[in-house]
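Residue numbers (the numbering used here), protein chains in the order written: chain B, 2 to 344; chain V, 2 to 344; chain G, 2 to 344; chain R, 2 to 344.
Note that the Cβ used here is the ideal one computed from N, Cα and C, for glycine as well.
Number of protein chains: 4
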Amino acid sequence: MIRAGIVGGTGYTGVELLRILALHTEVEVSVVTSRSDTGLRVDALYPSLRGYIDAVFSLPEVETLVECDVVFFATPNGTAMLMAEQLLARGVKVIDLSADFRLKDAQEWSKWYGMEHVCPDLIADAVYGLPELNREAIKKADLIACPGCYPTAVQLGFLPLLENDRIDVKHLIADVKSGVSGAGRKAELATLMSETGESFKAYAVGGHRHLPEIVQGLELVARKSVGLTFVPHLTPMIRGIHATLYGQAQGKLDDVQALYEQRYASESFVDVLPQGSHPDTRNVRGSNNCQISLHQPQGGQTIVVLSVIDNLVKGAAGQAVQNMNLMFGLKEDLALKTIALYP
Amino acid sequence: MIRAGIVGGTGYTGVELLRILALHTEVEVSVVTSRSDTGLRVDALYPSLRGYIDAVFSLPEVETLVECDVVFFATPNGTAMLMAEQLLARGVKVIDLSADFRLKDAQEWSKWYGMEHVCPDLIADAVYGLPELNREAIKKADLIACPGCYPTAVQLGFLPLLENDRIDVKHLIADVKSGVSGAGRKAELATLMSETGESFKAYAVGGHRHLPEIVQGLELVARKSVGLTFVPHLTPMIRGIHATLYGQAQGKLDDVQALYEQRYASESFVDVLPQGSHPDTRNVRGSNNCQISLHQPQGGQTIVVLSVIDNLVKGAAGQAVQNMNLMFGLKEDLALKTIALYP
Amino acid sequence: MIRAGIVGGTGYTGVELLRILALHTEVEVSVVTSRSDTGLRVDALYPSLRGYIDAVFSLPEVETLVECDVVFFATPNGTAMLMAEQLLARGVKVIDLSADFRLKDAQEWSKWYGMEHVCPDLIADAVYGLPELNREAIKKADLIACPGCYPTAVQLGFLPLLENDRIDVKHLIADVKSGVSGAGRKAELATLMSETGESFKAYAVGGHRHLPEIVQGLELVARKSVGLTFVPHLTPMIRGIHATLYGQAQGKLDDVQALYEQRYASESFVDVLPQGSHPDTRNVRGSNNCQISLHQPQGGQTIVVLSVIDNLVKGAAGQAVQNMNLMFGLKEDLALKTIALYP
Amino acid sequence: MIRAGIVGGTGYTGVELLRILALHTEVEVSVVTSRSDTGLRVDALYPSLRGYIDAVFSLPEVETLVECDVVFFATPNGTAMLMAEQLLARGVKVIDLSADFRLKDAQEWSKWYGMEHVCPDLIADAVYGLPELNREAIKKADLIACPGCYPTAVQLGFLPLLENDRIDVKHLIADVKSGVSGAGRKAELATLMSETGESFKAYAVGGHRHLPEIVQGLELVARKSVGLTFVPHLTPMIRGIHATLYGQAQGKLDDVQALYEQRYASESFVDVLPQGSHPDTRNVRGSNNCQISLHQPQGGQTIVVLSVIDNLVKGAAGQAVQNMNLMFGLKEDLALKTIALYP
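Below is the structure:
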């Protein structure tokens, strides 16, 4: 059994990791940390886990965590980088769900995240955990930087077009809508039900932290500079991301459809829908799937890619477990073959 | 492998059966019928099932269904009774999620359901599929009448008090709130999002079809006549039932708490929360669990039982599979050990 | 023009007062205070008010407020009692939307609100601002204690039965459901959309602060001791309260219906629906109305009263303005003749 | 008093007209028609209107309607064109909230609406009822074609840029999100709460009926051919439209901001928010306002316009009344000075 630790077990990505790992046949969750809830039973905070998790929240200390084979960081940004080096030195694999190791440029990271990076040397070792792009590197990695939720939906949506140089990369648009769980489990006015229920808005149009991550990812694939306008929105639901992607593409829709189907044919978690479909976030709710469909309105040059995921699963905890499965030589979909909760 | 058929695969209980059975290691779903969608792939109607179900909707015909070991009826009331006799005669076990065999009195049934019962003789053979009450009978049954969603939440909530004669059965109150999926997948004004979102109301206060079913169940346990006021409400969410039960009880809350914990100690799917808790429907969403807590406000005589389930799982498809597991000698919780989707 | 001040203008009852008073033809909102947002334009915080309110948040100081004819306190409990005496002494009328002057027994108040009452002598002078009960006293009052949201819905629902001694007051039950705006505009985990959306729960079953207020009100009307079980619930919507009230009543439903219709015949804001109706909170959303309907299930002794209000209007700001209209000799429904926002 | 008739009073735009007109000081609603509910009191169907509307639904007949000064059509497409000619001939002004007279090209109309136009000659007389564009023509009009909800939000958002030739009209993108009330009050599976709650999707990406209307409007203003990609989405809320508009613009954001502020300075219902703002649909819910803000992410060439309205008010009934006020020489904002319902 793989012994797994979760640092930051009280946020939504933490409890989602617990939901998935509790039923993982090859994993035993041996440590769950929470500074604020140390000493409390995990299932006292999360009654949904009663009967499935026997753990008690402990302090996030290296000495405790080194007994794990792998440690997941489901923490706010800036925490994983404080402990990763020590854990790696002691032979513990690290899967970071936060943003600490996502950007390859430490300067850029500091600019967007408002703090110095404490272990910039580690950044180069970190593998960006998008299995559909980096599967082989992930298998050999000790440190994984799990992609953000928006970056997952957007990159999977643009990938085949960029890899094949079939789109004008100067003017890409990603109009993306997220459920409120993406904002995390934090006591904040802005995500109260009275504030976000029955309402819709864009936010951070001037610049969102996921922008440099997406651009970095797209440029790696496109092998050239990319111009992206990224507008995130908050939609009145709990789970789900819907990316509506626009670009000027060459070629007929039939060809693009074939391109996508081929590219993702052997991927367990990326599902290209029949042409003309409209993916619905509910159809991936609670599952690790990304569903994609393609349109070319009025037969023009503009291609529209619709890409949906569950932000807490494929956009966070599910993808993290997918990475772990790869790192430990397990079947990639272990504990992840669950069906979306519809309705 | 058990070959299972689902009649009425296009409603919410039907698709929920598919979600559960698709991952059941001992079951193969061999027939899924739908009069309106015959010929269509199941996953074309329900993209959430893509990759999990390979079936095509067929017509609901006995000759096709007899190839199954068990047939689930996830149909409107009045359909199962038309086919059950023939299927049973051919050795097929029948699990009815509709109301056709729930009431032991065919006259009473006709009164509430507005039609003649076509096979009243079968009613006596039907076992009421509440495993916590009828486990041994279910194991031997060929025909199961699955309890309604409200009756499940209410009966599990009152059971220990009634079995032990600890409550005044003359004046029971069940104030119950349901998510809108309980109304089914039907094109109706009343359950449009514009009608039910952001609003709350009681309905059918004058008399709801689940009233005689609940009373029948409570009286069987209490072994006397029961006076129940049952008020169902529609709450603006999709899944979940919350029953708030009131009665005049004898004894201290500590004793009642002990009674409940003892009664349900060996039940996999009924979870008595610590005293003073408030169960939340989200903590059972998508799971087969019933969570119960007990209160005695101001130390008075009135006991308040809070009982929550997911109406589509423990209140319908999950309980149906639990019954099937029992009927076929399988582990009772097979395919049902899933954790609620929180948040 | 009446000059009105609002202390605590940044909470939901505060902004609701602004919404109503901005269009009140006899009122000019001259002071809006907020400790946290002093100096900020009111419509910068609340863009819904752009074009309607020209005020800037100021500090809550007596010297500023004495220039008003009336001051509304839309503050957390414990604030109004600090300033009311000084304002009254300077001839300013005070309408308190918080709980500071609701309970007539200062000891009881301290027990439930966890602090000493700083001006217990004022309590006797305060008139409980339920116009349907205390209209004449309100007209002459200088200090109004506006009823809580739950107490408004419950008292209006029980009033005619109690006034006419037509119900067994020993065993009343109030099962009440509230939208989340009732919890106020506070950064708290429990009312995040991810926590309260798509979920339903009871809370404070052991004892809610509105319990003594309701009991005090019911006993005044019944002129005897009342036994009440009060269970509040949180329902996943923003506005609205639905009270489901149970009691053992004498007499036929027709008579009770007539009783209610007669009692409320001349009330602008209490509307008795036709027998057999089910009021829906959406039909009073944004309006100052209370809609009530009556049932006697199965013709038994138990009467069920359904009573709905908008917790922020009839349950708070609307009722406060109704009181103000009475206190200043204006038409009672001035600025309150607005129609519920459906759908 | 102006006598107004409403044909199709049972849909959401019909009941919204009633909500507004019931409080209009210069209007008396004298006829409300409904084929399906003839003979029923209007407030029996819509209890929110109890006390405000005394009318009974009647059959939609010309002889009854000619007694009105103005008739609103809140009907499905294809109905207004059957009666408009007769009413106009009898001196009755007609305000059509449906699409019958929106497109100037009858052939194009037939293509998108799937039926022949029965009075193509009237199309030329119809004035497109966007007051911010056509105020003077509206004042003199007898027949108004009220804009669709999406077209209103998109056109108001693009107008100043197009009028001043400051944007590349070849590649405009309108990514628009609508609440579900936009789908109308029809018994349909797709808009059940269980289907649309907690989920987000695009629809009609291949071509939505509002596309030709928007293009026609933009081209009129731009005085040249326009290339628009329009993608509508369904968002899990009842009211509200959020348009996110993209284009390649010349000039600095400061200048564009000034342009918008100037263009809409004297408009009562279009409100340009401070630079950097993010309008939220809740801030216009129930009001006739359009709130707009402007962004130029990363100081690039792409301009992002955010434009929000309430689809049932400024997107339908409110705008219709605004048109009526203009047609009858009344103050343009009569009965429309209501504040959005927040929260």
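(Q) Between Gly198/G and chain B, is any beta-carbon pair separated by less than 8 Å? (A) Gly198/G counts as touching chain B.
**Q.** Interface flag, Lys338/R vs chain G, CB-CB below 8 Å
**A.** At least one CB atom of chain G sits nearer than 8 Å to the CB of Lys338/R.
Q: Report the three-state DSSP secondary structure of Leu193/R (helix, strand or coil).
A: Of the three classes helix, strand and coil, the one that applies to Leu193/R here is strand, per DSSP.
(Q) What does the Cβ neighbour count give for Gly1/R, buried or exposed, with the cut at 16 atoms within 10 Å? (A) The structure shown does not extend to residue 1/R, since chain R is modelled only from 2 through 344, so no value can be given for it.
**Q.** Cutoff 6 Å; reference Lys171/V; Cβ partners in own chain excluding five residues on either side
**A.** Same-chain partners within the cutoff: Gly228.
Q. Is any beta-carbon of chain V found at less than 8 Å from that of Ser195/G?
A. Cβ-Cβ to chain V under 8 Å: yes for Ser195/G.
Q) Taking buried to mean at least 16 other C-beta atoms within 10 Å of its own C-beta, is Pro1/V buried or exposed? A) Any question about residue 1/V goes unanswered here, given that chain V covers just 2 to 344.
**Q.** Outcome for Thr34/R when other beta-carbon atoms lying within 10 angstroms are tallied against a minimum of 16
**A.** The C-beta of Thr34/R has 16 or more other C-beta atoms within 10 Å across all chains shown, which makes the residue buried.
Q | Burial state of Ser200/G, where buried means 16 or more other Cβ atoms lie within 10 Å | A | Buried, because 16 or more other Cβ atoms sit within 10 Å of the Cβ of Ser200/G.
Q.
Taking beta-carbon pairs under 8 Å, can you tell me which members of the segment 26–51 of chain G lie near chain B?
A. Listed by position, the residues of the segment 26–51 of chain G near chain B (Cβ gap below 8 Å) amount to none.
Q) Going along chain B in order, which residues have a C-beta closer than 7 Å to the C-beta of Pro344/V? A) Ordered by position in chain B, the residues that pass the 7 Å Cβ test against Pro344/V are Tyr13, Ser182, Ile239.
Q.
I need the DSSP call for Thr1/R, collapsed to helix, strand or coil.
A. The structure shown does not extend to residue 1/R, since chain R is modelled only from 2 to 344, so the question has no answer here.
Q.
What does the alpha-carbon distance come out to for the pair Thr39/B and Leu162/V?
A. So the alpha carbons of these two residues sit roughly 37 Å apart.
Q.
So the candidates are Ser182/B, Gln297/B, Asp176/B, Tyr265/B; which of them puts its Cα closest to the Cα of Gly277/B?
A. It is Gln297/B.
Q | Nearest-angstrom beta carbon gap, Ile174/B and Gln249/B [assumed within contact, 8 Å] | A | Their Cβ separation, rounded to whole angstroms, is 10 Å, which puts Gln249/B and Ile174/B out of contact at 8 Å.
Q. Residues of chain V with a CB under 7 Å from the CB of Ala341/B: which are they?
A. Result: Ser49.
Q | Contacts around Asn324/G, its chain only, beta-carbon distance under 7 Å, and the 5 residues preceding and following it disregarded | A | Annotation for Asn324/G: Ile96, Gly130, Pro132, Ile139, Ile145, Cys147 place their beta carbon closer than 7 Å to its own, counting only its chain and skipping 5 residues before and after.
Q: Label Val232/V either buried or exposed according to how many other C-beta atoms from any shown protein chain fall within 10 Å of its C-beta, with 16 as the threshold for buried.
A: By the neighbour-count rule (16 or more Cβ atoms within 10 Å), Val232/V is buried.
**Q.** Interfacial residues, the segment 301–313 of chain V to chain G, with Cβ spacing under 9 Å
**A.** Listed by position, the residues of the segment 301–313 of chain V near chain G (Cβ gap below 9 Å) are Gly301, Gln302, Thr303, Val305, Leu307, Val309.
Q. What are the boundary residues of the alpha helix (DSSP H) that Phe159/G is part of?
A. From DSSP, the alpha helix (DSSP H) with Phe159/G extends over 150–164.
Q) Quick one: is Gln1/V buried, meaning 16 or more other Cβ sit within 10 Å of its Cβ, or exposed? A) Residue 1/V lies beyond the stretch modelled for chain V, which goes from 2 to 344, so this question has no answer here.
**Q.** Nearest-angstrom Cβ-Cβ length linking Gly6/G and Leu66/G, presumed shorter than 8 Å
**A.** Indeed, because the Cβ distance is near 5 Å, the residues count as touching under 8 Å.
Q) Taking all protein chains shown into account, do 16 or more other C-beta atoms lie within 10 angstroms of the C-beta of Arg91/G, making it buried, or fewer, making it exposed? A) Per the 10 Å Cβ criterion, exposed.
Q.
Please classify Arg224/B as buried or exposed, where buried requires at least 16 neighbouring CB atoms within 10 angstroms.
A. Looking at its Cβ environment, which holds fewer than 16 other Cβ atoms inside 10 Å, Arg224/B is exposed.
Q. Mind pulling the chain B residues with CB within less than 9 Å of Lys272/V?
A. Residue 272/V is actually Asp in this sequence, not Lys. By Cβ distance, chain B contributes Pro48, Arg51, Gly52.
Q | contact_flag[the segment 286–294 of chain G, the segment 320–335 of chain V] where n(CB pairs < 8 Å) is 3 or more | A | The segment 320–335 of chain V and the segment 286–294 of chain G do not touch, with fewer than three beta-carbon pairs separated by less than 8 Å.
Q. Out of curiosity, what's the CA-to-CA distance linking Arg186/G and Asp256/R?
A. Spanning the two alpha carbons is a distance of roughly 37 Å.
Q | chain G contacts made by the segment 167–192 of chain B, where a contact means CB separation under 7 Å | A | Interface annotation for the segment 167–192 of chain B against chain G: Val181, Ser182, Arg186, Ala188, Glu189, Leu190, Thr192, criterion Cβ-Cβ distance under 7 Å.
**Q.** Burial state of Leu190/G, where buried means 16 or more other Cβ atoms lie within 10 Å
**A.** Burial is judged here by how many other beta carbons sit within 10 angstroms of a residue's own beta carbon; Leu190/G has fewer than 16 and is exposed.
Q) Who does Ala125/B pair with in a DSSP beta bridge? A) Bridge partners of Ala125/B: none, in fact.
Q: For my contact list, Val340/R and Ala23/G are in at a C-beta cut-off of 8 Å; report their separation, rounded to the angstrom.
A: For the sequence presented, residue 340/R should be read as Ile rather than Val. About 6 Å separates the two Cβ atoms, so the contact holds.
Q) Between the segment 97–105 of chain G and the segment 62–77 of chain G, are three or more C-beta pairs nearer than 8 Å? A) In this structure the segment 97–105 of chain G lies against the segment 62–77 of chain G, because at least three pairs of beta carbons, one per stretch, are closer than 8 Å.
(Q) So the candidates are Val57/B, Leu134/B, Gln108/B, Trp113/B; which of them puts its Cα closest to the Cα of Asp122/B? (A) Nearest neighbour of Asp122/B by Cα position, chosen from Val57/B, Leu134/B, Gln108/B, Trp113/B, turns out to be Gln108/B.
Q) In chain order, what residues of the same chain have a beta carbon less than 6 Å from the beta carbon of Arg103/V, not counting five sequence neighbours either side? A) Excluding sequence neighbours, Arg103/V sits near Ala146, Glu214.
Q: Run the CB neighbour count on Ala142/B, radius 10 Å, all protein chains shown included, and call it buried at 16 or more, exposed below.
A: So Ala142/B counts as buried.
Q.
With H, G and I counted as helix, E and B as strand and the rest as coil, what does DSSP make of Glu133/B?
A. Helix.
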